[in-house]
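Protein chains in written order, with my numbering: chain A, 99 to 344; chain B, 2 to 952.
The C-beta atom is built at its ideal place from N, Cα and C for all residues, glycine as well.
These notes concern the structure reproduced below.
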């Protein structure tokens, strides 16, 4: 239903969800949007209702309890505050459970013997990707698409799980793939992990969103705006060919 | 002939209202500057692949836009209103420390000039974004001198804010009018209390982060380049400051919104007694949410999830406040004036910003939002929407009070309409760009971000142009607008009961006395230094009860050269630190001369603005103003040293992870002398306690000896420390050896700077003790210094141990925490509240006020004691004193009488001789004569100018 609501591309039309992680992110975001619209909308309705209802009418007398110096502070209604607090706590509890679930998913790569490990090194200004066999690439991230037949009992294939070990060679960068909703800071002296599964084969020419899909999200100097890499999601055979030096 | 009087007034004023005006103009100037920066880079981003700006220009503009707007615009704009209206709203005649208030302003201006001049320092200014992430901020990646200069400017600004914070907290807690209980304070004053408390605790943390940064850049330490510290050290230190800073920006404007909604809906603020605790809770929680800026740094997930929860929690008090604001409207009679429109707008925008804030609290959603325009949209909705919009509402609201004239409502409403359209066009579409990185100077058309960015830029220019309408409206109206009633709004805070603009001492009808039935005025019980009883109306005598507004007033009490000189000296010295020795020497010289001048002025007792002292002081009614100020400052210092120790703990705990072997105790050098040095400094704490004891007992010699001993021990400590540093340097343990050496040198160096500052103050104290006729008179100053010294002589022990060089670090189980930062019991005993010294201690302390001097000359016993804080006690004591004198039991009094005829000056029982009389030395110093007055032999003051005129 949500897909129908958003269409093929999610909110706000600009950011398509091209991986399971992005889809999960979108559904969590939708949950937050629904809560925000309902709660925020209710507040605005009360707000504007009061503004309209209690606007000054011509000839109306001054309220008897108009504020003046020395009036003691109003106690209000503590019960109302307590109810509001309880309501918000309940709401946040629900939101947080969903957040933590997604966080656990995003943070913990599956223990997949057929995962592809890539070292990601940010530098001023670009991304270097170093694969397990020493194969290197700068400016493009090539990964194999998800492979349904490559289960953990099968050896020697890539399941499509890509695990990134992200670090930086100089300053603070932040590695992000917007279409996958993956992000992790690239910090010198630290290795951070992120993972994703790509389920749409394509190169920038066929899927425009893959162009410059990998970006830096922390100001890192004059070349910050140009610090990106293309994303190439290849079929298993194509990737194998490239990986083995083709 | 140039008329110098106005210029002199604006340069040397210490009047809180004048300073408020200065803050207002300066912050609006920076607002225009930083706003133009923003329009410049919005122009760059309007279309894809624009080449209007170079990347480094873009980065500098983005950085300075952020820094200026946050630190030099919004907070000082709040400070402008706070300076002008907080003293009035609490019913005081001025701030507690008017000269410090002027100092805050001038240091703020100097820091702003330093910040702007960093553009021209060669290589441009800071270009690392306002968050200044390490290690981009180090010399290796940003070698430009301008970056260092921006760092120094920020430190100077923080110093200004901390001084101002101390001043405001003392003012609000100690100078309230009779009956002005805390719960009766307008919400704006409450907002400013919490703003000040947040600044007091958050800004020192930033100073310590900047100290490390400047040390890295200037002295080659390795905090942000070593792997033990590195980027995460900066992240923690910066955001520990950074998140409370958000509320520093929000609260002044947001609190004004509450007052405006209440005033214009003609309803008391709903649930004020819940709003205020909510503000307190939010302020406390704001120190526990900083890591939500670090969700993607890969630190412990359970920790981040905890921060996720605290971030959600902090939205609850704000939700309650928002609901309370909205319920204030219920049953009202709402008048949609321009200030009210801005208040409504601010609340609406803040609700949107608050809702998107809940999104940002989610550690999982942040995988998309971090570093994108979504975040930019969010914080502009809260800070500009909730904070600045509220402040603009305040500007319209108080404009008639500031100028005595009314602005054009029509133009104000047009401004509001364009403002809201521009604002939402500018910031709302940013939420749609949640995949576009912040701070990129260009983007390709294929990204699809072009149309939205064009919309944002159009909104930006609309928003900018709308401000022109406001400036035109206000500037024109300030000169030509129709005269405004003193209370055009039916406002309920005290400023609306006094003329517009208010007279020099705010309350022409006397002291406001607040009760449930409203406000009444009673004549000022204290005569004022610039006039007699007739002058109690706070203005110049001008016929019967007419007064001249403060526009033409320039009382001598509100005049000091030294604040501007100190600020200029500090600014030039910091500029010279980077730009060349001549300027450094010049600045240091000016600074030193100005401090000496300031001290001399204090010794002469000038520039003390008398205040009605019988008002509300809860909960600090047992402390003197200065003591309270020093305590508050010390609590700020705890945040400063605490953050530095936090940095130490961070480095120490990271060292095993990074394979760095932290030096074992005694490994680098012999720790015996360090330990000995610690004992020396602790001993100086003991001699300081002796000094205070002697001062209380009235032993002049004992006081002098103890002060000299303290000074000598302090100097010995510093000399020993110099040898220690020298030895370490010779052994090759330098600033840049390792993170351990870096933190050692910074901790001990910063502490050494505190000792040097303390020794300087000690010199002043010794002079004061020398000059004061009475030892007891000095005891207040001794006490205040004792509080400071008690702080300085203790943390050093922590400092050296934390650096792993001293004794206690041998204990592997020992973890340093801010809790180590304690005052020894002996100090706590020594600096017990002044009121326990009894009434006479009080008298000795208060005797110097100009008011009191006049009162003494008038021989008016009741008013003489009024400054103590309780007229009733004053009457009793003076009656008792007369009785004793009549019985001839008091030899001191008899001797006074013998020398002086009628005792024009108070005789204190324990002062046996005139030689010890509190007034004598000061009389000599001030050139006063002993002369005949009204036929009696009497110590005669030099008459204040205006009174002499009256005679």
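Shown here, residue 262/A sits in a strand according to DSSP, grouped into three states.
The stretch 33-46 of chain B makes no contact with the stretch 77-93 of chain B: fewer than 3 CB pairs, one atom from each, lie closer than 8 Å. Nearest CB-CB separation between residue 363/B and chain A: below the 8 Å threshold. Within the stretch 163-176 of chain B, contact with chain A at the beta-carbon level (separation under 7 Å) is assigned to no residue. If the five residues before and after residue 161/B are omitted, its C-beta is found closer than 7 Å to the C-beta atoms of 105, 108, 109 and 112, all from its own chain and listed in chain order. In this structure the stretch 134-141 of chain B does not lie against the stretch 44-51 of chain B, because fewer than three pairs of beta carbons, one per stretch, are closer than 8 Å. With contacts defined as CB atoms closer than 8 Å, residue 220/A and residue 314/A qualify as a contacting pair.
For residue 230/A, the CB contacts under 6 Å within the same chain, skipping 5 residues up- and downstream, are 215 in chain order.
CA-to-CA, the gap between residue 212/B and residue 181/A works out to about 46 Å. Where residue 34/B is concerned, there is no enclosing beta strand (DSSP E), although the alpha helix (DSSP H) around it starts and stops at 17-46. Residue 398/B is a Cβ neighbour of residue 261/B, given a cutoff of 8 Å.
Comparing alpha carbon positions, the residue from 174/B, 365/B and 252/B closest to residue 625/B is 174/B. Counting along the chain, the unbroken beta strand (DSSP E) around residue 295/A starts and ends at 290-295.
With a threshold of 16 other beta carbon atoms within 10 Å, residue 469/B falls short and is exposed. Residue 505/B carries a coil assignment under DSSP once its states are collapsed to helix, strand and coil. Nearest neighbour of residue 390/B by Cα position, chosen from 251/B, 141/B and 758/B, turns out to be 251/B.
Taking 8 Å as the Cβ-Cβ cut-off, the stretch 312-328 of chain A approaches chain B at 313, 314, 315, 316, 317, 318, 319, 320, 321, 322, 323 and 324, given in chain order. Residue 342/A is outside the set of residues whose beta carbon lies under 8 Å from a beta carbon in chain B.
Using a CB distance cut-off of 8 Å, residue 197/A counts as an interface residue toward chain B.
Straight across, the Cα-Cα distance linking residue 489/B with residue 501/B is about 10 Å.
Under the three-state reduction of DSSP output, residue 145/A falls in the helix class. Against chain A, a Cβ distance below 8 Å from residue 458/B picks out nothing, because the smallest value is about 17 Å. Across the stretch 423-442 of chain B, CB contacts with chain A closer than 9 Å involve 432, 433, 434, 435, 436, 437, 438, 439, 440, 441 and 442, in sequence order along the chain. The beta carbon of residue 52/B does not come within 8 Å of any beta carbon belonging to chain A, so the residue lies off that interface.
Under DSSP, residue 734/B forms no beta bridge with any residue.
Closest in alpha carbon position to residue 185/B, among 274/B, 636/B, 69/B and 652/B, is 274/B.
The stretch 354-372 of chain B makes no contact with the stretch 229-247 of chain B, as fewer than three CB pairs between them are under 8 Å. The DSSP-derived three-state label of residue 513/B is strand.
Contact check for residue 240/A against residue 330/A passes: the beta carbons are separated by less than 8 Å. Annotation for residue 744/B: 648, 649, 652 and 804 place their beta carbon closer than 7 Å to its own, counting only its chain and skipping 5 residues before and after. A distance below 8 Å between beta-carbons, with the five flanking residues on each side excluded, links residue 328/A to the following residues of its chain, in chain order: 237, 238, 239, 301, 302, 308, 309, 310, 311 and 312.
Between the beta-carbon of residue 681/B and that of residue 708/B there is about 16 Å, and that puts the pair past the 8 Å contact cut. Note that the stretch 281-301 of chain B touches the stretch 272-287 of chain A; at least 3 beta-carbon pairs, one per stretch, sit closer than 8 Å. Residue 206/A sits away from residue 248/A, with the two beta carbons spaced by 8 Å or more. Residue 235/A and residue 349/B have their C-alpha atoms some 49 Å from each other. Residue 663/B sits in coil when the DSSP states are folded into three classes, being neither helix nor strand.
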